[in-house]
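Below is one structure, written out as structure tokens, with a few remarks after it.
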Ligand code: HPA
């Protein structure tokens, strides 16, 4: 049985919506998600290990009337994984039926108005990783205007109203793994970034090349260019994850 078949079987049908849960954001899916967990080492297409401290499990089941696949733990370029490996989860979600994907990440603030704990809806991105999942002989020229679904962004805005302060901005994706120098932070802000991180952009490109709708959120964990650590990033993300779960649960019927 292929990985996609196993997921469809376990979820009792094709997946409606897939999630990728970023650093410290395992709790960004709610308690109401009735799930079965399959560790990545039982899914050959994902059987390379995520960061220590990332769980590396695929959760599948139903949430808010939708068949959901949540990938908890992602592979990053800075671990030495290829763009193809980094986007294997997106490919698998698509093969399991998902036509929409919700990407989440922990990110540093470039926008000086942002505070740690803020949620940012990603409106657009700048890919500065220096690589691309579409590289290759069969390279495709994917349109990236409105890569982040205007329809789903409107739904997020509507549901965030009153309950949550929702920032909106541009996410800059870097290779990492070091955090930014002060000069880099200044540069990234100057070119139009509001938040910076080390994931998401390749997944968005891969998802758009497959025709999937993309919705993405950054959980702001720190000011970029200020001293930070992986512990601070995952700590703030952990604390704020339930707020993200609450918002996602509201949007879910519209995805
Ligand atoms: N920079 C890059 N990636 C990050 C940051 C940051 O400040 N915080 C969380 N991920």
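In this note's numbering, the protein residues as written are 501 to 755.
We treat Cβ as the ideally placed atom computed from N, Cα and C, and that holds for glycine.
Sub-8 Å separation of residue 720 and residue 614 beta-carbons: Numbered from its first residue, the chain shown carries residue 720 at position 220. Numbered from its first residue, the chain shown carries residue 614 at position 114. In this structure, residue 614 lies closer than 8 Å to residue 720 by Cβ.
Spatial neighbours of residue 643 in its chain, beta-carbon cut-off 8 Å, leaving aside the 5 residues before and after: Taking the first residue of the chain shown as position 1, residue 643 is located at position 143. So the list reads 708, once near-sequence residues are dropped.
Out of curiosity, what's the CA-to-CA distance linking residue 635 and residue 662? Sequence index remark: in the chain shown, residue 635 carries index 135 (1-based). Sequence index remark: in the chain shown, residue 662 carries index 162 (1-based). So the two alpha carbons sit approximately 43 Å from each other.
Report the CB separation of residue 566 from residue 516 in whole angstroms; it is logged as a contact under 8 Å. Within the chain shown, residue 566 is the residue found at index 66, counting from 1. Within the chain shown, residue 516 is the residue found at index 16, counting from 1. With a Cβ gap of about 4 Å, residue 566 and residue 516 count as contacting.
Taking CB distances under 8 Å as the criterion, tell me whether residue 565 reaches chain B. No chain B appears in this structure, which consists of one protein chain only.
Output the distance between the C-alpha atoms of residue 750 and residue 518, rounded to the nearest integer angstrom. Against the chain shown, residue 750 aligns to sequence position 250. Against the chain shown, residue 518 aligns to sequence position 18. Rounded to the nearest angstrom, the two C-alpha atoms are 16 Å apart.
Where residue 502 sits in the DSSP three-state scheme: Position 2 of the chain shown holds residue 502. Coil, per DSSP.
Which residue's Cα is closest to the Cα of residue 531: 637, 753, 742 and 672? The count along the chain shown starts at 1 and reaches residue 531 at position 31. That would be 742, whose Cα lies nearest to the Cα of residue 531.
Coil, strand or helix - residue 541 by DSSP: Numbered from its first residue, the chain shown carries residue 541 at position 41. Note: residue 541 maps to helix in three-state DSSP.
Exposed or buried, which one is residue 686 when buried takes at least 16 other CB atoms within 10 Å? Indexing the chain shown from 1 puts residue 686 at position 186. Exposed is the call here.
Spatial distance of residue 581 from residue 534 (CA atoms): Translated into the one-based positions of the chain shown, residue 581 becomes position 81. Translated into the one-based positions of the chain shown, residue 534 becomes position 34. When rounded, the distance between both Cα atoms is 31 Å.
Tell me which same chain residues have a C-beta within less than 6 Å of the C-beta of residue 688, skipping the five on either side of it? Along the chain shown, read from residue 1 onward, the residue named residue 688 stands at position 188. Excluding residues within five positions, the ones whose Cβ falls inside 6 Å are 610, 672 and 696.
For residue 627 and residue 738, the rounded distance between their alpha carbons: The residue you call residue 738 lines up with position 238 of the chain shown. The residue you call residue 627 lines up with position 127 of the chain shown. Roughly 26 Å separates the two Cα atoms.
Proximal residues to residue 527 (C-beta, below 8 Å), its chain only, five neighbours per side dropped: Residue numbering aside, residue 527 sits at position 27 when the chain shown is read from its first letter. 738, 741, 742 and 745, listed in sequence order.
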